[in-house]
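Protein chains: 2
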Amino acid sequence: MPQHAINPNVSVDCVIFSFNNQELEVLLIERSAGNTDKVDEIKALPGNLIYEDETLDCAAERVLTELTGLENIFLEQVYTFGDPDRISKKHDQDWLRSIRAHPEARVITVAYTSLINKERFNLTPSSFARNAVWVKVKDVPQLGFDHNDILEKALDHLKQKIYIKPLGYELLPDRFTLAQLQKLYEAILDDKFDKRNFRRKILRTYFIVPLNEKQQGVAHKPAGLYRFDKSLFHQM
Amino acid sequence: MPQHAINPNVSVDCVIFSFNNQELEVLLIERSAGNTDKVDEIKALPGNLIYEDETLDCAAERVLTELTGLENIFLEQVYTFGDPDRISKKHDQDWLRSIRAHPEARVITVAYTSLINKERFNLTPSSFARNAVWVKVKDVPQLGFDHNDILEKALDHLKQKIYIKPLGYELLPDRFTLAQLQKLYEAILDDKFDKRNFRRKILRTYFIVPLNEKQQGVAHKPAGLYRFDKSLFHQM
DNA sequence: TGGCAATGTGTAATAATTACACTAAGTTTG
DNA sequence: CAAACTTAGTGTAATTATTACACATTGCCA
Chain X
808 MPQHAINPNV SVDCVIFSFN NQELEVLLIE RSAGNTDKVD EIKALPGNLI
858 YEDETLDCAA ERVLTELTGL ENIFLEQVYT FGDPDRISKK HDQDWLRSIR
908 AHPEARVITV AYTSLINKER FNLTPSSFAR NAVWVKVKDV PQLGFDHNDI
958 LEKALDHLKQ KIYIKPLGYE LLPDRFTLAQ LQKLYEAILD DKFDKRNFRR
1008 KILRTYFIVP LNEKQQGVAH KPAGLYRFDK SLFHQM
Chain D
808 MPQHAINPNV SVDCVIFSFN NQELEVLLIE RSAGNTDKVD EIKALPGNLI
858 YEDETLDCAA ERVLTELTGL ENIFLEQVYT FGDPDRISKK HDQDWLRSIR
908 AHPEARVITV AYTSLINKER FNLTPSSFAR NAVWVKVKDV PQLGFDHNDI
958 LEKALDHLKQ KIYIKPLGYE LLPDRFTLAQ LQKLYEAILD DKFDKRNFRR
1008 KILRTYFIVP LNEKQQGVAH KPAGLYRFDK SLFHQM
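Residue numbers (this note's numbering), protein chains in the order written: chain X, 808 to 1043; chain D, 808 to 1043.
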């Protein structure tokens, strides 16, 4: 078997979330190598077939890097999508013909997700990604394949998870205000919270620790900055 | 493509839980068609390759029926396992050679789970299942492939889920006592609860409704019987 | 210096959680 | 038929979590 033989039946797709201080965003690629204008307009999640000799987790990391340039992202498996006709829409087939040996083969895909602070990473799209772009989750257009369903599932997963683990520190700067954190929770859960109750609840955890610093350069009373203390968190 | 062409790279495995009033049990098959005694000793989760023209959900239902005779079980996807060498242990290969066209092909598997009341179903193993047996989760031996990992993941999934939805009515008789329900929660979560607090919490939900009936034929004060009211549950 | 914009704070009412021990009912046994 | 056995069923007080709600403070800017 050649070293990087491709498994024609199994792919991975990555749903990478970020936060622009107001809204959740998701990372999409714009397809290149299409033959028609139509094809080029379609966005999709970064994803591709796996190699025969790599784990699913490794495949997800590799594919994400190849398509977007993001490296060392901790990806978590979400769900597997396997409708027999999930890639057989005409636009999708047109495009697959330009990049795959067996564009018609049935492909099941394993979805992965992660949260990152987009400020900390550079996007350097390559492979068949003409471009990689952050799109507000609320503005996501019709995507290729069943990628809207995949995004939906990843969002559900995220909502579930934020109740269990205090996610989201990956999405914020190292030092953040409680208002930023609250906006983030509100964006993920698509809800509004009372400021006092939110602060009380957060500070009760003890691993969001206040720094003796304040915001700079805002046209109002500057907020205190906080950081997430990983060691305090893990010892709970 | 023949109507039921097999996809050589993708399988499904089913983790079916039941409850014997004391402990959680899981449904395993005993492999038949092995050539050596060794192979015959090994148990595994019911699972097999999918067909090219069926969804993953359908595949899981079909495979479960073929191997164990269980029909109309609501299966829920849990996780996908795809280590390149997950089926390459010697025992597993020996056995696969006896039932598969390409025993060495890499197979990723999508795990499904369900909870059933075993009293309501008959096991009628067929296909390559010599037998189908209920095994206490705490007594599960070394299984074939990576099936111990899959079982572990399904158990985690179950523990998570019981916090969100009041599962487990599938596991009990239609009419049950609160002590039975408590034992079930304790078995799933591997924990102990205070009787009074547990009862209060359950009855606060309002969809566990008391019947005007009592246990019969027990050598002590008979307990009142309750039932789960689905319509009251869904309108919450 | 007055206005703007967001920060930061307390309390009272209600609900949920925890810890804890005895009486009641029906069966069995002597 | 009475005593013993086994599990069912119940209440309360202390603590903690949740909810709803309004105003003074800080720093910048015009």
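Glycine included, each C-beta is placed from N, C-alpha and C at the ideal position.
Phe915 of chain X, DSSP secondary structure in three states:
Your numbering for residue 915 of chain X matches position 108 in the first sequence. It should be pointed out that residue 915 of chain X corresponds to Ile in this sequence rather than to Phe. Correct three-state label for Ile915 of chain X: strand.
Under the three-state reduction of DSSP, which class applies to Gln987 of chain D: helix, strand or coil?
Along the second sequence, one-based indexing puts residue 987 of chain D at 180. Helix, per DSSP.
Starting from Tyr886 of chain X and walking both ways along the beta strand (DSSP E), at which residues does that stretch end?
Taking the first residue of the first sequence as 1, we reach residue 886 of chain X at position 79. Glu883 to Phe888 is the extent of the beta strand (DSSP E) around Tyr886 of chain X.
Mind checking Phe881 of chain X: buried by the 16 CB within 10 Å criterion, or exposed?
If you number the first sequence from 1, residue 881 of chain X lands on position 74. It counts as exposed.
What residues from chain X crowd round Val817 of chain D, counting only those whose CB sits closer than 8 Å?
Position 10 of the second sequence, counted from the first residue, corresponds to residue 817 of chain D. Ordered by position in chain X, the residues that pass the 8 Å Cβ test against Val817 of chain D are Asn816, Val817, Gly889 and Ile915.
Buried or exposed for Val944 of chain X, please, with buried defined as at least 16 other CB atoms from any protein chain shown within 10 angstroms of its CB.
Start at 1 with the first residue of the first sequence, and residue 944 of chain X comes out as number 137. Under this definition Val944 of chain X is a buried residue.
Chain X partners of Asp860 of chain D, CB-CB under 9 Å?
Indexing the second sequence from 1 puts residue 860 of chain D at position 53. Under a criterion of Cβ atoms nearer than 9 Å, the residues of chain X adjacent to Asp860 of chain D are, in order, Pro891 and Arg913.
Based on DSSP bridge pairs, tell me the residues matched to Thr875 of chain D.
Here residue 875 of chain D refers to the residue found at position 68 when the second sequence is read from its first residue. Listed as beta-bridge partners of Thr875 of chain D by DSSP are no residues whatsoever.
Strictly by DSSP, which residues pair up with Trp902 of chain D?
Looking up residue 902 of chain D in the second sequence gives position 95. Per DSSP, none; premise fails for Trp902 of chain D.
For Glu926 of chain X, which residues from the same chain have a beta carbon less than 8 Å from its beta carbon, with the 5 sequence-adjacent residues on both sides left out?
Counting from 1 along the first sequence, the entry for residue 926 of chain X is found at position 119. Excluding sequence neighbours, Glu926 of chain X sits near Pro980.
Tell me whether Arg1003 of chain D is buried or exposed, calling it buried when 16 or more other Cβ atoms sit within 10 Å of its Cβ.
As a first step, residue 1003 of chain D must be located in the second sequence, where it is residue number 196. Exposed.
Got a sec, what are the start and stop residues for the beta strand (DSSP E) Ala812 of chain D sits in?
One-based indexing of the second sequence puts residue 812 of chain D at position 5. Element bounds for Ala812 of chain D: n/a, residue is neither H nor E.
Suppose the cutoff is 7 Å on Cβ atoms and the five residues either side in sequence are ignored; what does the same chain contact list for Phe928 of chain X look like?
One-based indexing of the first sequence puts residue 928 of chain X at position 121. Answer for Phe928 of chain X: Leu877, listed in chain order.
Mind reading off the beta-carbon distance from Leu834 of chain X to Ile849 of chain X? Whole number of angstroms is fine, and I expect it under 8 Å.
Residue mapping note: residue 834 of chain X aligns to position 27 of the first sequence, counting from 1. Residue mapping note: residue 849 of chain X aligns to position 42 of the first sequence, counting from 1. Not really, about 15 Å apart at Cβ, beyond 8 Å.
Taking C-beta to C-beta, are Pro891 of chain D and Gln900 of chain D nearer than 8 Å?
The sequence position of residue 891 of chain D within the second sequence is 84, counting from 1. The sequence position of residue 900 of chain D within the second sequence is 93, counting from 1. Not in contact: Pro891 of chain D and Gln900 of chain D (Cβ atoms no closer than 8 Å).
By Cβ distance below 6 Å, which residues in the same chain neighbour His811 of chain D in space, the five residues on each side in sequence not counted?
The residue given as residue 811 of chain D occupies position 4 in the second sequence. Taken in chain order, the residues that qualify are Tyr858.
State buried or exposed for Lys972 of chain X, treating a residue as buried only when at least 16 other CB atoms are found within 10 Å of its CB.
If you number the first sequence from 1, residue 972 of chain X lands on position 165. So Lys972 of chain X counts as exposed.
Kindly say whether Leu871 of chain D, judged by its beta-carbon, lies nearer than 8 Å to any beta-carbon of chain X.
Residue 871 of chain D sits at position 64 when you count from the first residue of the second sequence. Chain X, which has no Cβ nearer than 8 Å to the Cβ of Leu871 of chain D, makes this no.
Alpha carbon to alpha carbon, how far is Leu831 of chain X from Ala936 of chain X?
Position 24 of the first sequence, counted from the first residue, corresponds to residue 831 of chain X. Position 129 of the first sequence, counted from the first residue, corresponds to residue 936 of chain X. Straight-line Cα distance between these residues: approximately 22 Å.
Taking the alpha-carbon positions, what's the Asp953 of chain X to Val819 of chain X distance?
Along the first sequence, one-based indexing puts residue 953 of chain X at 146. Along the first sequence, one-based indexing puts residue 819 of chain X at 12. The straight-line gap from Cα to Cα measures roughly 13 Å.
Name the chain D residues whose beta carbon is nearer than 7 Å to that of Tyr919 of chain X?
What you label residue 919 of chain X is simply residue 112 of the first sequence in a count that begins at 1. From the beta-carbon of Tyr919 of chain X, no residue of chain D is found nearer than 7 Å; the closest lies around 10 Å away.
With a threshold of 8 Å between beta carbons, is Leu863 of chain D in contact with chain X?
Locating residue 863 of chain D in the second sequence gives position 56, where the first residue counts as 1. Answer yes: the Cβ-Cβ gap between Leu863 of chain D and chain X drops below 8 Å somewhere.
Where Asn765 of chain X falls, given that 16 or more other Cβ within 10 Å makes a residue buried:
An answer regarding residue 765 of chain X cannot be provided, because it is not within the stretch 808 to 1043 covered by chain X.
Rounded straight-line distance, which links the Cα of Lys960 of chain D to that of Gln884 of chain D
In the second sequence, residue 884 of chain D corresponds to position 77, counting from 1. In the second sequence, residue 960 of chain D corresponds to position 153, counting from 1. Near 11 Å, if we compare the C-alpha coordinates of Lys960 of chain D and Gln884 of chain D.
What is the residue span of the beta strand (DSSP E) that Asn855 of chain X lies within?
To locate residue 855 of chain X, count along the first sequence from 1; it is residue 48. Per DSSP, Asn855 of chain X belongs to the beta strand (DSSP E) from Gly854 to Tyr858.
Of all the alpha helix (DSSP H) runs that stay within the bounds of the region 935–973 of chain X, which reach a length of 4 or more residues?
Fully enclosed alpha helix (DSSP H) runs of 4 or longer: 954–971.
With distances taken from CA atoms, which of D:His1041, D:Leu1018, D:Asp1036 and D:Leu1039 is nearest Ala1030 of chain D?
What you label residue 1030 of chain D is simply residue 223 of the second sequence in a count that begins at 1. For Ala1030 of chain D, the nearest C-alpha among the options comes from D:Leu1018.
Around the Cβ of Val817 of chain X, are there at least 16 other Cβ atoms within 10 angstroms (buried) or fewer (exposed)?
Residue 817 of chain X sits at position 10 when you count from the first residue of the first sequence. When all chains shown are included, Val817 of chain X counts as buried.
Tell me the rounded alpha-carbon separation between Phe826 of chain X and Asp946 of chain X.
Numbered from its first residue, the first sequence carries residue 826 of chain X at position 19. Numbered from its first residue, the first sequence carries residue 946 of chain X at position 139. About 14 Å.
Helix or strand or just coil, what does DSSP make of Val1025 of chain X?
The residue you call residue 1025 of chain X lines up with position 218 of the first sequence. Val1025 of chain X: coil per DSSP, three-state reduction.
Would DSSP call Lys850 of chain D helix, strand or coil?
To locate residue 850 of chain D, count along the second sequence from 1; it is residue 43. If DSSP states are grouped into helix, strand and coil, Lys850 of chain D belongs with the strands.
Suppose you measure from the CA of Val1016 of chain D to the CA of Thr887 of chain D; what does that come to, to the nearest Å?
Counted from its first residue, the second sequence places residue 1016 of chain D at position 209. Counted from its first residue, the second sequence places residue 887 of chain D at position 80. Approximately 38 Å between the Cα atoms of the pair.
Quick check: what's the CA-CA separation for Tyr1013 of chain X versus Arg1034 of chain X?
As a position in the first sequence, residue 1013 of chain X is number 206, starting the count at 1. As a position in the first sequence, residue 1034 of chain X is number 227, starting the count at 1. The straight-line gap from Cα to Cα measures roughly 11 Å.
Simplified DSSP state of Ser839 of chain D, which is helix, strand or coil:
Mapped onto the second sequence, residue 839 of chain D falls at position 32. Look at Ser839 of chain D here: in three-state DSSP terms it is coil, with no helix or strand label.
Short CB-CB distance (under 8 Å) between Tyr992 of chain X and chain D
Locating residue 992 of chain X in the first sequence gives position 185, counting from the first residue. Chain D contact via Cβ: absent.
In three-state DSSP terms, what is Ile995 of chain D?
Mapped onto the second sequence, residue 995 of chain D falls at position 188. Helix.
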